[in-house]
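In the numbering used here, the protein residues as written are 1 to 265.
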């Protein structure tokens with residue numbers, strides 16, 4: 001009897017997980033069509049999502065709902081389930097009830113969580129986006145031990161591309177590994193306030209706009225024997241086609257003229 005019950009539970013879990021993924025994919029594909037929400041377009045999707053499958057999913061115990069979310073976190077981005085929940089009141093209830101567990105589970109599959117449980121009072125969705133929301137990893141400002149460096153004033157104004165390896169729920173620090181510094185001995189624990197998602201390039205509109213005096217910018221530059229970082233700077237002079245920048249923490253001898261649409265800005 002116990003074995004039969006376990007087998008039934010496993011079958012229910014597998015069925016619900018498979019159907020939830022199918023509904024999630026259907027909702028995502030529907031949103032990509034970007035067509036007007038007319039009655040003729042919404043009826044088929046409404047019928048699909050509110051059919052017997054959702055009724056069966058909602059009839060399962062809360063433990064099964066949690067396992068379905070675990071399955072989704074392993075097979076698809078959490079945004080897929082969010083898109084599906086936005087179109088279905090029943091799934092929205094499931095998402096609302098287990099929101100923390102869904103995002104915590106999704107984060108744990110890419111970042112090692114130390115002492116982190118869904119019950120911990122933390123916005124796991126915001127943390128997921130902070131650590132994994134960039135197009136290509138993170139950027140970390142300066143170095144954790146930059147006070148030991150001779151050029152500490154210069155280094156603390158640089159943003160280095162990195163990847164999140166672990167998160168400590170005890171102190172809120174993130175273990176990062178810098179791109180170009182793959183030695184484990186150079187991994188550092190950094191606070192969230194010194195991290196940001198990495199974005200490859202500014203918008204085309206920004207790049208086509210003439211820089212102004214006093215504007216805060218960043219300049220991509222690779223020191224000798226180091227990978228490229230983004231260095232905080234300020235525009236101190238402007239010409240028709242160029243802008244003169246001064247790097248924060250550097251003296252005037254490092255001032256540089258760059259075109260307004262330079263790839264380095």
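Think of the CB as a built atom: it goes at the ideal place given N, C-alpha and C, for glycine as much as any other residue.
Requested in this report: Measure the alpha-carbon distance for residue 234 versus residue 140 and round it to whole angstroms.
Outcome: Approximately 20 Å between the Cα atoms of the pair.
Query raised in the report: Candidates 101, 195, 241: which alpha carbon is nearest residue 121's?
Result: Out of 101, 195, 241, 101 has the C-alpha closest to the C-alpha of residue 121.
Query raised in the report: Between residue 264 and residue 206, is the Cβ-Cβ spacing less than 8 Å?
Result: no
Query raised in the report: Are the CB atoms of residue 157 and residue 210 nearer to each other than 8 Å?
Result: No, these two residues do not count as a Cβ contact at 8 Å.
Query raised in the report: Roughly how many angstroms separate the alpha carbons of residue 208 and residue 199, rounded to a whole number?
Result: 18 Å
Query raised in the report: Between the segment 168 to 181 and the segment 238 to 255, are three or more C-beta pairs nearer than 8 Å?
Result: no
**Report entry** Beta-carbon contacts of residue 185 that lie in its chain and below 8 Å, excluding the five residues immediately before and after
**Finding:** none
Query - Supposed close pair residue 138, residue 111 - CB separation, criterion 8 Å - result: With 8 Å as the limit, residue 138 and residue 111 do not qualify as a contact, their Cβ atoms being about 11 Å apart.
Query raised in the report: For the putative contact between residue 172 and residue 197, defined by C-beta atoms under 8 Å, what is the C-beta separation to the nearest angstrom?
Result: Their Cβ separation, rounded to whole angstroms, is 17 Å, which puts residue 172 and residue 197 out of contact at 8 Å.
Requested in this report: Within 10 angstroms of the Cβ of residue 230, are there 16 or more other Cβ atoms? Answer buried if so, exposed if not.
Outcome: buried
Report task. Can you give me the start and stop residues for the alpha helix (DSSP H) that residue 192 sits inside? Result -> That residue, residue 192, is in no alpha helix (DSSP H); it is neither H nor E in DSSP.
Query raised in the report: residue 131: which of 81, 84, 166 sits nearest, CA to CA?
Result: 166
Query raised in the report: Does DSSP put residue 99 in a helix, a strand or coil?
Result: helix
**Report entry** Distance, residue 170 Cα to residue 115 Cα
**Finding:** 7 Å
Query - Residues near residue 92 in its chain [Cβ-Cβ closer than 8 Å; skip 5 each side] - result: 85, 86
Query raised in the report: Going by C-alpha distance, which of 94, 202, 144, 252 is nearest residue 193?
Result: 144
Query raised in the report: Based on the DSSP secondary-structure assignment, which residues constitute the bridge partners of residue 113?
Result: 167
Query - Other residues of its chain near residue 213: CB distance less than 6 Å, five sequence neighbours each side excluded - result: 235, 238
Query raised in the report: Taking residue 168 as the reference, which of 226, 113, 215, 202 has the closest Cα?
Result: Just measuring C-alpha positions, the residue of 226, 113, 215, 202 sitting nearest residue 168 is 113.
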